[in-house]
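Asks:
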Amino acid sequence: MDLSERKLKILQAIVGDFIYSAEPVGSRTISKKYDMGVSAATIRNEMSDLEEMGFLTHPHTSAGRIPSDKAYRLYVNTLMKKYELPEHEKQTIEKEISANLTELDNTIRHASKLLSDLTNLTAFAITPAQDENVLKYVNILPVDEKTVVLMIVAENGKITNTALRLKTQYNPETLELLSKVLTHNYKGKSLSSLLTLDIINDIEKDVEALGKVAENIVPSFITTLENMLNIDLYVEGLENIFTIPEYNDINKARVFMNMLSRRQDLTRLLINRDSGVIITIGDENDDEKLKDCSMITATYCVDGKCVGKLGVVGPTRMKYDEVTSIIEYLTQNLDNSFRLTEGDEDDRE
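Position in the sequence shown counted from 1, then plus 81, gives you our numbering.
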């Protein structure tokens with residue numbers, strides 16, 4: 082069954098109405114609010130077809146329909162119109178960014194707070210990953226029966242030594258083998274790229290004999306890499322979820338807050354997202370706890386080099402057009418401000 086022009090118009094109206102009302106949309110509502118040129122009965126039949134096609138769902142005994150993840154994806158890709166930010170919002174963004182253009186970390190933190198205020202969603206930002214840091218070698222040194230020191234050395238000379246208390250005893254040969262495997266597999270790779278890999282599975286496939294020792298050490302290896310990157314994650318506006326109808330259910334609110342409290346997992350997820358403006362909806366998110374959420378992220382640049390990410394997370398019923406425009410305008414202002422700052426420094430020299 083093809084999506085006719087009429088079905089597309091009806092679906093666009095349902096998605097738009099539901100995003101702003103949070104109430105299931107019925108055929109009578111569409112007939113009254115939108116000039117479709119057809120009867121409510123015809124709209125009802127079209128809505129039934131759209132439901133069969135997986136674009137709409139029918140909650141409980143309600144006569145109305147709500148969009149599915151599939152509908153939101155079609156809306157974002159095809160039906161969503163460009164949202165033009167009001168002049169007062171543009172001026173707010175420009176003023177706030179220029180007034181808080183100090184150290185990079187402080188500027189980005191303020192930008193995430195501004196994004197949360199403008200969208201009424203939970204916003205986040207990560208500061209630059211030092212991609213120039215690449216792994217040189219890994220060494221795991223014995224201390225006593227259940228204690229080892231994990232040493233990671235980067236090409237730029239940065240070294241970390243982390244004492245680990247293992248759950249099981251080990252033998253020195255196993256430590257030496259694990260050191261060689263980690264070094265062989267990941268030498269020459271940037272530290273940030275390593276955080277996007279499934280290192281635990283890689284190690285298990287390479288050397289089954291490492292067993293429990295690898296299970297104890299590899300998670301600490303990943304955590305140490307994150308610390309070496311000096312990536313800061315800022316989360317702002319967590320309290321905004323309590324104004325969103327989807328989170329009136331305390332269990333859903335708790336799951337959402339727990340997800341955002343897992344800072345290492347969230348940082349790794351953000352690092353792993355592509356550059357540019359990226360929208361993931363519901364089941365498109367890899368993290369199970371994000372299956373009922375949508376996430377929009379954008380990349381910001383310093384001196385022309387894309388170095389960090391800024392974005393929001395919230396329910397799939399999100400004002401995609403408005404939020405996307407705010408994020409785009411905000412990152413554009415960050416890019417321009419950092420470029421101007423670099424140019425001003427060159428002029429002073």
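All residues carry an ideal CB built from backbone N, CA and C; glycine is no exception. As the structure is a computational prediction, the values presented were derived from the model and not from experiment.
Assuming Ser375 is part of the beta strand (DSSP E), what are its boundary residues?
Replies: Where Ser375 is concerned, the enclosing beta strand (DSSP E) stretches over 374-383.
Asks: Around the Cβ of Phe323, are there at least 16 other Cβ atoms within 10 angstroms (buried) or fewer (exposed)?
Replies: Exposed, since its Cβ has fewer than 16 Cβ neighbours within 10 Å.
Asks: Just to confirm, are Thr277 and Asn353 a CB contact at a threshold of 7 Å?
Replies: In this structure, Asn353 lies closer than 7 Å to Thr277 by Cβ.
Asks: Give every residue of the same chain whose Cβ lies closer than 6 Å to the Cβ of Tyr115, excluding the five residues on either side of it in the sequence, and list them in chain order.
Replies: These residues qualify, in order along the chain: Ala94.
Asks: Taking the straight line between their C-alpha atoms, what separation do you get for Ile303 and Lys217?
Replies: The straight-line gap from Cα to Cα measures roughly 15 Å.
Asks: Roughly how many angstroms separate the alpha carbons of Tyr251 and Glu226, rounded to a whole number?
Replies: Their backbone Cα atoms lie some 7 Å apart in a straight line.
Asks: Can you tell me where the alpha helix (DSSP H) with Thr264 in it begins and where it stops?
Replies: Its alpha helix (DSSP H) spans residues 253-267.
Asks: Please classify Gly97: does DSSP put it in a helix, a strand, or coil?
Replies: Reduced to three states, the DSSP call for Gly97 is helix.
Asks: Between the Cα of Ala121 and those of Ala103, Leu231, Met161, Ala144, spot the shortest distance and give me the residue it belongs to.
Replies: Of Ala103, Leu231, Met161, Ala144, the residue nearest in Cα terms is Ala144.
Asks: Could you tell me if Thr159 is buried or exposed, where buried requires 16 or more neighbouring beta carbons within 10 angstroms of its beta carbon?
Replies: Exposed: under 16 other Cβ atoms inside 10 Å.
Asks: Within its chain, find whatever has a CB closer than 7 Å to the CB of Asp416; leave out the 5 residues flanking it on each side and keep chain order.
Replies: For Asp416, where only same-chain residues beyond five positions count, the Cβ hits under 7 Å are Tyr381, Cys382.
Asks: Ends of the alpha helix (DSSP H) at Arg246?
Replies: Unbroken run through Arg246 is the beta strand (DSSP E), 240-246; no alpha helix (DSSP H).
Asks: Using 8 Å as the threshold, is the region 145-155 in touch with the region 99-116, meaning 3 or more CB pairs across them?
Replies: Output reads yes: the region 99-116 touches the region 145-155.
Asks: List the whole-angstrom C-beta distance separating Leu350 from Asp373, where the pair is believed to meet the contact cut-off of C-beta under 8 Å.
Replies: About 16 Å; that fails the 8 Å criterion.
Asks: Chain B beta carbons: is any one of them nearer than 7 Å to that of Leu351?
Replies: This model lacks chain B altogether, as it is built from one protein chain only.
Asks: Any chance the region 381-395 sits against the region 184-199, with 3 or more Cβ pairs inside 8 Å?
Replies: Counting Cβ pairs under 8 Å, three or more are found: they touch.
Asks: With burial defined as no fewer than 16 other Cβ atoms inside 10 Å of the residue's Cβ, what is the status of Val106: buried or exposed?
Replies: That one is buried.
Asks: Tell me the residue span of the alpha helix (DSSP H) that contains Thr200.
Replies: Start and end: 185-200.
Asks: Measure the alpha-carbon distance for Asp98 versus Ile407 and round it to whole angstroms.
Replies: The alpha-carbon atoms of Asp98 and Ile407 are separated by roughly 21 Å.
Asks: My output table needs one value for Gly363: the three-state DSSP class, helix, strand or coil.
Replies: It is helical.
Asks: Indicate the three-state DSSP secondary structure (helix, strand or coil) for Ser301 in the structure shown.
Replies: Helix.
Asks: Near Ala334, which residues of its chain fall below 8 Å by C-beta distance, leaving aside the five closest residues on each side in sequence?
Replies: Here the set comprises Ile322, Phe323, Tyr328.
Asks: Please identify the residue among Ser301, Gln345, Leu155 whose C-alpha is closest to the C-alpha of Ile207.
Replies: The shortest Cα separation from Ile207 among Ser301, Gln345, Leu155 belongs to Gln345.
Asks: Roughly how many whole angstroms lie between the Cα atoms of Leu61 and Tyr101?
Replies: The displayed coordinates of the chain run from 82 to 430. Any statement about residue 61 would go beyond what the structure contains.
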